[in-house]
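To convert, note that position 560 of the sequence shown is 560 in UniProt numbering; the numbers rise steadily by one, no gaps. Before any comments, here is the structure.
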Amino acid sequence: MVYFGLRQVDSEFDHELNFWRLFNFKIHTELKRSMDIVSSSLTAVSLLLSPLEKLLFYSRNFKERERTLLCEMEELISKENDLKAEISIALVNQRKKLRSETQLWLKNVENLIAEVKNIETEIIQNKRCIKECFPNYRSRYRLSKKMMKRINDMRELHAKGVFSNGLFVDSFPNPGRILPTSGLVGDKTFQSVSKVIWEVLGDVNTSKLGVHGMGGVGKTSVMMHIYNQLIDCKVFDKVIWVNVSKTLNVEKLQLDIANAINLELSEEENVIWRSTRLLEHLQGKKFVLILDDMWHHFSLEEVGIPHPTTDNGCKFVIITRLMEVCRGMETQREIKVELLSKNEAWDLFTTKSGPICEEIESIAKSVCENCGRLPLAIITVGRAMRKIEDKRLWKNALEELESSRAEISGMEEDVFARLKFSYLHLKDDHIQACFLYCALYPEDHKIKASELIEYWMAEELITEVGDREKEINKGYTVLKKLKDACLLEDIGSDHVKMHDLVRDMAIRIARESPRLITKAQMKLNRMKREWIENVEWVSLMDNNITIFPDNPNCQKLSTLLLQRNPLPEKIQDSFFMKMQCLKALDLSGTGIKSLPESVSSLCNLRALFLSFSKIKELPSLTMLKELRVLDLSHSRLRKLPHDIENLNNLRRLDLSYTEKLQTFPSGAIQKLSCLENFSMFKSNWRWSANRDGFESFDEISRLSRLTSLGLSFEDKTSFIGYVKSKQWLVLESYHLGIGQLNILLPTVEGMRSIEIQDCNLCHQDKMIELPNNIQQLALHSCHDITILSELSDTTNLENLRQCYISNCNGMEFITKADNFFPNLELLVLRKLPKLKAICNGITSSQIFTKVKSLQIHSCNRMKSLFSSHMLQDFQNLEEIEVWNSRLIEEMVEEEQSGGNISSFSTVLLPKLRRLSLSMLPELKYITRRVLICDSLETVEIWDCEVLRALPFSISYLPSSLKNIKGNINWWDQLEWDDTSCKNLLQPFFDQGT
1 MVYFGLRQVD SEFDHELNFW RLFNFKIHTE LKRSMDIVSS SLTAVSLLLS PLEKLLFYSR
61 NFKERERTLL CEMEELISKE NDLKAEISIA LVNQRKKLRS ETQLWLKNVE NLIAEVKNIE
121 TEIIQNKRCI KECFPNYRSR YRLSKKMMKR INDMRELHAK GVFSNGLFVD SFPNPGRILP
181 TSGLVGDKTF QSVSKVIWEV LGDVNTSKLG VHGMGGVGKT SVMMHIYNQL IDCKVFDKVI
241 WVNVSKTLNV EKLQLDIANA INLELSEEEN VIWRSTRLLE HLQGKKFVLI LDDMWHHFSL
301 EEVGIPHPTT DNGCKFVIIT RLMEVCRGME TQREIKVELL SKNEAWDLFT TKSGPICEEI
361 ESIAKSVCEN CGRLPLAIIT VGRAMRKIED KRLWKNALEE LESSRAEISG MEEDVFARLK
421 FSYLHLKDDH IQACFLYCAL YPEDHKIKAS ELIEYWMAEE LITEVGDREK EINKGYTVLK
481 KLKDACLLED IGSDHVKMHD LVRDMAIRIA RESPRLITKA QMKLNRMKRE WIENVEWVSL
541 MDNNITIFPD NPNCQKLSTL LLQRNPLPEK IQDSFFMKMQ CLKALDLSGT GIKSLPESVS
601 SLCNLRALFL SFSKIKELPS LTMLKELRVL DLSHSRLRKL PHDIENLNNL RRLDLSYTEK
661 LQTFPSGAIQ KLSCLENFSM FKSNWRWSAN RDGFESFDEI SRLSRLTSLG LSFEDKTSFI
721 GYVKSKQWLV LESYHLGIGQ LNILLPTVEG MRSIEIQDCN LCHQDKMIEL PNNIQQLALH
781 SCHDITILSE LSDTTNLENL RQCYISNCNG MEFITKADNF FPNLELLVLR KLPKLKAICN
841 GITSSQIFTK VKSLQIHSCN RMKSLFSSHM LQDFQNLEEI EVWNSRLIEE MVEEEQSGGN
901 ISSFSTVLLP KLRRLSLSML PELKYITRRV LICDSLETVE IWDCEVLRAL PFSISYLPSS
961 LKNIKGNINW WDQLEWDDTS CKNLLQPFFD QGT
């Protein structure tokens, strides 16, 4: 029973336990189900929140991420630029080749930067689209995601920009074949030009280079050495040298280039197919192409040459005599190979001639000098005279060179033949004739360009178009062509020169016709008949000729140049009888007092020059219907013939500085209807509104073609009358004056100039009125003006470019603070005893912004030139010259504030080239600051005993300095803050006189 009871209890317990288990299971099941539902809900929520979270992540801080992107791009670009700069320098100097991994890195940077810039563009477009409404989060999400990716890419690429193995490899495939060369002569000349060429080839920004110079100067020799060095340094995949035929043949040029790069091209292929083959072969290669002896320009595409660019690193070099070719090929830099120096020429000559004994040396040096420092001629003559010890043979060689015959072995085929090709290449007969005409001038003569063009116009080598200015412009264009062809040398403003051998070549060519005879500057005292008969052009200028042949038969003669000969006071009448073709006659600078009547019969004469001659009167001019130019300037002419009015074609009449001229035919000027240039400046015969029979300025105003005028007025009233007539408005240039005018203004042709001397400028209680377009002004002894800019009350001075003021005793200032000279380039102040300063008061900017030259002489009240504030207005200043001004203490006056000098430590004059100071006994400082002037070439200090320091610092030494001139005692007593500064400047010091 107990057992049963226990069992029953156990059974009930089990039953209850099962119940609870079942209950628990149900509860657990329900809970689990609930949990699953919650879990599923949470999962769903999570799935919904995840993209939202990403959207919020990429959308917030959008601007910050944009800034990060740009910063990373700037850092990467800076890294790229630094590497490129290092590569650019090393490619030439280290002579190595870029590693492939470096090239790949640069390429990846380029691609990545392009992608970032595309993102930038998208951002800008996105901003425009929303138009300041609510942000487009979907677009922001997409852009932000791109930005994060590119930021990481840039950081990774920046980190890879450290090349542990270096940027370069040492070896290169064979880029070309070495050319045979001899040693370069002329260490200084050729080494300096070689250095410049190397620098240009190493410049990443220069892809096209033109090397030019006259024939035989050594262009090819220099470039052959450069070519061989380019091959040795193995910087380029290919270095190509091709000689171009004188008559450009594209097919031949293609074949020559192909041969140089080992590319087989068939002569059967057409030009287009060959250019395609060449382009494909050269594309992707880094090459230098050197084309020698270029005479014509051509299209690179037509030949098949890839355009050299900064990206592909290729270089294109042309060697030519013609600047025209450089322009046609669009070269970025042109380098001229100059002649040898005198010492270099002699060294080369003795190298070729062998040892020269002392007895012959002086003659040999003259022979060398006649080679004109041209290497080709020096080598040719030196070889021809090698080991010759006979003095007579040397004298003969010298005589042949001086007479332009030069039968010396090799001269014709090696020298003159080469030079002649430049002449033949001119092609135009008129331009060739213009070149030959230059040989009429003496050897080494400084030829004035305007005079030469006047001759060309008289000879009708310049086509007449009825406008002198246009014809003169055409003349300068021809002159430029001759200079570009290296047949003439440019030697400064409006002057040219002919190289001795080029002149010899021209004379040889002219003899073939025969066309000209030149016996200029040969100390001749007699003119021979045979010199002037049967030729067109004759030059006997700069001799001592007083004897003429009687009645010469000169039916061809069109130019006769006799200037600067004494000549007899009168030439026999028969001399000009048979010169009916004469067009240009120059008797300027001669002793002739009157012309023979036969001159009146020169019916084809177009130009008659009598300037600086002793001519007193002229014969009848009625028959000279073709006369265009009559120049009597600076002559002793007393009167003009009344029939001057019959010169219907006269276009230029120059009577300036005819200080003996007493009469002028009334009404004659207005009948010269073709007159374009008329000058009577500083003539004794002055224009006056009060002279009997004078029709005011109507005569001049009736000259409808007048473009240039020079007049001197008898009084201020007449001048004012002309100014009020406004006739000057139609002129391109004028030179007008009042007073004695014995101070000569250095006039510039084509300018609008006024000179006033010994004349008060105040008229009827106000300043005299000047033409409003005045460019050049000179005032001398005008004592009633105190400030120059007062003239602006009545005259517009904005066009004023040059100003000369001297002996004006009342002048105290040049300008006030509110007056402007916006175009003034030159200011010369002399003997102004009351001048206190250039400007009265603190200047505003833009007053003297274009001034290039400032000259101050004998202004004994000035204590300084500029204030430090005013100096900021002179940033274009190139020249300062101050002398004999006894009170000047400093060039730049310091502006003090509270007793202390301004805190600025430097003074900047970036364009200053010359500083000349002399006879300034009180000068203590140039400036108390450090002067920064990188263009400074010359410093001249004389008799400035109190000046104890130069305004230079070791940190700012002038990089262009050539010399410092001064007294040795002054130099030795200078004080230096840093002695190393003196040590660096010492080599430039010159104690010359």
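No residue lacks a Cβ here, since even glycine has one placed at the ideal position from N, Cα and C. Treat the numbers as computed from the prediction; the structure is a model and nothing was measured.
What distance in whole Å lies between the Cβ atoms of residue j and residue i, which are believed to be in contact at a cut-off of 8 Å?
i: Thr-309; j: Leu-209; result: Incorrect: roughly 14 Å between the Cβ atoms, too far for contact.
i: Arg-373; j: Lys-352; result: At roughly 14 Å, the Cβ-Cβ gap does not stay under 8 Å, so Arg-373 and Lys-352 are not in contact.
i: Phe-866; j: Val-892; result: 5 Å
i: Val-946; j: Leu-915; result: Incorrect: roughly 17 Å between the Cβ atoms, too far for contact.
i: Leu-887; j: Met-862; result: 6 Å
i: residue 1014; j: Arg-150; result: For residue 1014 there is no data in the structure shown, the boundaries of the chain being 1 and 993.
In this structure, how does DSSP classify residue i when only helix, strand and coil are distinguished?
i: Ala-159; result: helix
i: Val-367; result: helix
i: Lys-149; result: helix
i: Ser-789; result: helix
i: Asp-82; result: helix
i: Cys-434; result: helix
i: Val-930; result: strand
i: Gly-328; result: helix
i: Asn-677; result: strand
i: Leu-630; result: strand
i: Lys-483; result: helix
i: Leu-653; result: strand
i: Val-851; result: coil
i: Leu-61; result: Sequence check: residue 61 is Asn here, not Leu. In this structure, Asn-61 counts as coil in the three-state DSSP scheme.
i: Tyr-956; result: coil
i: Glu-12; result: Note that Glu-12 scores 46 on pLDDT, short of 50, meaning its location in the model is unreliable and no value can be drawn from it.
i: Leu-570; result: This sequence places Lys at residue 570; Leu is not what is there. Lys-570 falls in the strand class under three-state DSSP.
i: Trp-942; result: strand
Alpha carbon to alpha carbon, what distance is there between residue j and residue i?
i: Glu-769; j: Gln-740; result: 20 Å
i: Arg-65; j: Lys-285; result: 40 Å
i: Phe-681; j: Lys-831; result: 25 Å
i: Pro-355; j: Ile-363; result: 14 Å
i: Ser-688; j: Ser-666; result: 13 Å
i: Ala-668; j: Glu-530; result: 41 Å
i: Asn-604; j: Leu-582; result: 6 Å
i: Trp-971; j: Leu-923; result: 15 Å
i: Ile-880; j: Ser-600; result: 53 Å
i: Thr-815; j: Asn-796; result: 14 Å
i: Glu-280; j: Pro-306; result: 9 Å
i: Lys-578; j: Pro-514; result: 19 Å
i: Arg-705; j: Ser-598; result: 31 Å
i: Gly-161; j: Asp-934; result: 37 Å
i: Ser-679; j: Arg-651; result: 12 Å
i: Asp-643; j: Met-623; result: 10 Å
i: Ser-980; j: Ile-290; result: 45 Å
i: Tyr-227; j: Leu-487; result: 27 Å
Given residue i, which residues of its chain have a CB within under 7 Å of its CB, disregarding the five upstream and five downstream residues?
i: Arg-511; result: none
i: Glu-251; result: Val-271
i: Cys-368; result: Ala-345, Trp-346, Phe-349, Ile-378
i: residue 1008; result: Here the chain comprises residues numbered 1 to 993, so residue 1008 is not present and cannot be evaluated.
i: Lys-474; result: Ile-462
i: Asn-876; result: Thr-849, Lys-850, Val-851, Lys-852, Lys-911
i: Lys-395; result: Ile-363
For residue i, which residues in the same chain have their Cβ closer than 6 Å to its Cβ, ignoring the five residues on either side in sequence?
i: His-780; result: Ile-743, Gln-757, Ser-806, Asn-807
i: Tyr-722; result: Phe-697
Once the 5 residues before and after residue i are set aside, which same chain residues still bring their CB inside 8 Å of it?
i: residue 996; result: Because residue 996 is not part of the residues shown, which for the chain are 1 to 993, the question remains open.
i: Val-200; result: Thr-206, Leu-209, Arg-333, Ile-335
Determine, using beta-carbon pairs with one atom in the segment 480 to 487 and one in the segment 446 to 457, whether at least three such pairs fall under 8 Å. At 8 Å Cβ cutoff, the stretches do not touch.
Evaluate the contact criterion for the segment 212 to 219 versus the segment 231 to 250: three or more CB pairs, one atom per stretch, below 8 Å. With the cut-off at 8 Å, the segment 212 to 219 and the segment 231 to 250 do not touch.
Taking contact to mean 3 or more Cβ pairs, one atom from each stretch, closer than 8 Å, check whether the segment 606 to 614 and the segment 632 to 641 are in contact. In this structure the segment 606 to 614 touches the segment 632 to 641; the number of beta carbon pairs closer than 8 Å is three or more.
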